[in-house]
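Colleague: This is the structure I have questions about; it appears just below.
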Amino acid sequence: MWRLGLKHVDRTFLANKGASISKDFQAGAYSYVGGHSTIWPKVTIGNFTMLAHYVMILVGDRNYNTAVFPAVFAGLEEPSPTYIGDDVWIGAG
1 MWRLGLKHVD
11 RTFLANKGAS
21 ISKDFQAGAY
31 SYVGGHSTIW
41 PKVTIGNFTM
51 LAHYVMILVG
61 DRNYNTAVFP
71 AVFAGLEEPS
81 PTYIGDDVWI
91 GAG
């Protein structure tokens, strides 16, 4: 189990080998990220929250307020933070 040098996680946080986690990730007490999971920037998980192996928490940055086709020309927005509360279990597959 690793802590990956993350500065904004509780001392009881654990991550399994192969997890790719943004440096600004925040995690509460006794939370866990499974191996080979991917966590993008601006993600916070609460206390006692567990993410299984191969979970991907990504953020949206597309501008859906403009009706442009194809959507790639609508531009990008600053992604909003993603918050996952306390005592949540997220599986993959």
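Each step along the sequence shown adds one to the number in full-length UniProt numbering, with nothing skipped, and position 78 is 78. We put the beta carbon where it would ideally sit given N, CA and C, even for glycine. The model shown is predicted, which means the values in this text are computed figures rather than measured ones.
(1) In the DSSP assignment, find the beta strand (DSSP E) that holds Tyr30 and state where it starts and stops.
(2) Would you mind working out which of Val9, His8, Leu14 and His36 sits nearest Ile57, comparing C-alpha positions?
(3) Below 8 Å on the Cβ atoms is my guess for Pro79 versus Lys42; work out the distance and round it to an integer in Å.
(4) Are the beta-carbon atoms belonging to Leu14 and Tyr32 less than 9 Å from one another?
(5) What would DSSP say about Trp89, mapped onto helix, strand or coil?
(6) Tell me Thr82's beta-bridge partners as DSSP assigns them.
(7) Determine the burial state of Gly34: buried for a count of at least 16 other Cβ atoms within 10 Å of its Cβ, exposed for fewer.
Modeller: So, from the listed chains and residues:
(1) No beta strand (DSSP E) holds Tyr30; DSSP gives it neither H nor E.
(2) His36
(3) 6 Å
(4) yes
(5) strand
(6) Val43
(7) buried
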